[in-house]
Each structure stands twice: as structure tokens, then as C-alpha cells.
Amino acid sequence: MLFPKQPPPRECAECSACCNVYHIDGLFPESPRWVDCYHQGERGCGIHGHPKRPPACGGFLCMWLDGWGEEDDRPDRLGLVLDYNRARPRIDVVESVTAIEAAPGRSDEPRARARLRELRAVLKVLLVPHGARGLDNFGHELPADF
Ligand code: SF4
Ligand code: SF4
């Protein structure tokens, strides 16, 4: 399953939603999941373009940065970081989507709910609540009455 894409380039700009919702590899001291990275600033990453920025940061491409959705679906605006889960070994095939809340309750907002329902119509969607622990970190399929 592939989605229609907006033409590149897109830029993260002020968004740094993924810098909170993931554990960031390659930083010392560590930046754990669900905690703002200490390099985050109001205008995004404070070490963008600096050699200290971990390779994992520059390599991450959320669905929005990859061209999915509209401008208002940028993760800091939508409240969700969306990530493709690709089939192995067919990495050109998207199997499911993981949707991670950028802050508690963001998946309950009308635009986020509408987008999640649209995606659920064509793919399995796994929703990870902000602050999830243990197995909840892998997300749960949206309930039928979502
Ligand atoms: S969530 Fe997407 S758009 Fe936002 S900073 Fe991360 S990669 Fe960029
Ligand atoms: S180093 Fe920059 S890009 Fe990487 S997690 Fe921290 S703020 Fe985000």
C-alpha cells in the first residue's frame, strides 16, 4: 500500500515531535522516550547540521516528512507522529502504520481522529498513547468504534 505524496522537499521546520516520542540513539547523556530531547528548541533541533547531531535523527523520516498528508498534518500540528511499518523483505510495501501521540490525548482531537479513521480504512493502524509503558509501547489496533 502506498499513499499519494506531496512533491518534495518538505522540511521539519519548527516540528520536533519525534524528538520526544522516541528514545534517541547516539546521545550522551541519553534522551529517553517521552521526554523532550535537551537539544530541542522553539525552532526545532538546536544542533541541526552540527556533527554532534546523532545520525539516527537525520535518518528518521516520519510519514509526513516523506510526503503523506497536508501541511496541517505536520506531526506537531496533528498531534501524531506517523510511521510506516514495512513488510520484510518487501520494504516497498507498507504493512501497517504506527501512530504515536505527540502529547496526551492528541488522538482524541477531531483532525487526528479523522486522519486515523482514513488510514484505518486501508491499513492496520497501531495507536501508541503518549507515555505508554511496557507492551503498550507497540501500540494497539484502533477499536471498531473509534
Ligand atoms: S516528526 Fe516528522 S516532521 Fe516532525 S521533526 Fe520528526 S521527522 Fe520531522
Ligand atoms: S538531537 Fe536534535 S533532532 Fe535529535 S532528538 Fe535531539 S532535538 Fe531532535
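Just add 95 to wherever you are in the sequence shown, counting from 1, and you've got this note's numbering. Every residue, glycine too, gets a C-beta built ideally from N, C-alpha and C.
Beta-bridge pairing of residue i - partner residues as DSSP gives them
i      : result
Tyr179 : Val192
Ser253 : Any property of residue 253 remains undetermined from this structure, which presents the chain solely from 96 to 241.
Gln135 : Cys140
Ile119 : Ser126
Residue of the options minimising C-alpha distance to residue i
i      : options                           : result
Glu109 : Pro199, His143 and Arg206         : His143
Gly237 : Leu222, Gly226, Gly229 and Arg228 : The sequence shown places Leu at residue 237, rather than the Gly named in the question. Nearest of Leu222, Gly226, Gly229 and Arg228 to Leu237, Cα basis: Leu222.
Ala252 : Pro224, Ala197, Leu211 and Val176 : In this structure the chain extends from 96 to 241, so residue 252 is not present and cannot be described.
Glu196 : Val217, Arg183 and Trp129         : Trp129
Gly200 : Ala216, Ile186, Leu175 and Leu218 : Leu175
Asn330 : Pro170, Val116, Ala112 and Phe123 : This structure gives no information on residue 330, because the portion of the chain shown stretches from 96 to 241.
Pro205 : Pro224, Ala194, Gly234 and Leu173 : Leu173
Tyr179 : Ala194, Asp168, Asp171 and Ser111 : Ala194
8 Å Cβ shell around residue i - same chain, five flanking residues per side excluded
i      : result
Arg208 : Ser202 and Phe241
Lys100 : Asp161, Gly162 and Trp163
Cys114 : Ser126, Asp131, Cys132, His134, Gln135, Cys140 and Cys152
His118 : Glu125, Ser126, Pro127 and Arg128
Arg148 : His134, Cys140 and Ile142
Same chain only: Cβ atoms within 6 Å of residue i, ignoring 5 sequence neighbours per side
i      : result
Leu214 : Val192 and Val220
Gly242 : The question about residue 242 has no answer here: the residues shown for the chain are numbered 96 through 241.
Arg105 : Leu160
Own chain, CB closer than 7 Å to residue i, minus 5 neighbours either side, in chain order
i      : result
Arg181 : Val188, Val189 and Glu190
Pro150 : Gly121
Legend entry - Complete runs of the alpha helix (DSSP H) confined to the stretch 197-239 [at least 4 residues]: Whole alpha helix (DSSP H) segments, 4+ residues: 205-215.
Inset, instruction - Determine, using beta-carbon pairs with one atom in the stretch 155-168 and one in the stretch 133-147, whether at least three such pairs fall under 8 Å. - result: Fewer than three pairs of CB atoms, one per stretch, sit closer than 8 Å, so the stretch 155-168 makes no contact with the stretch 133-147.
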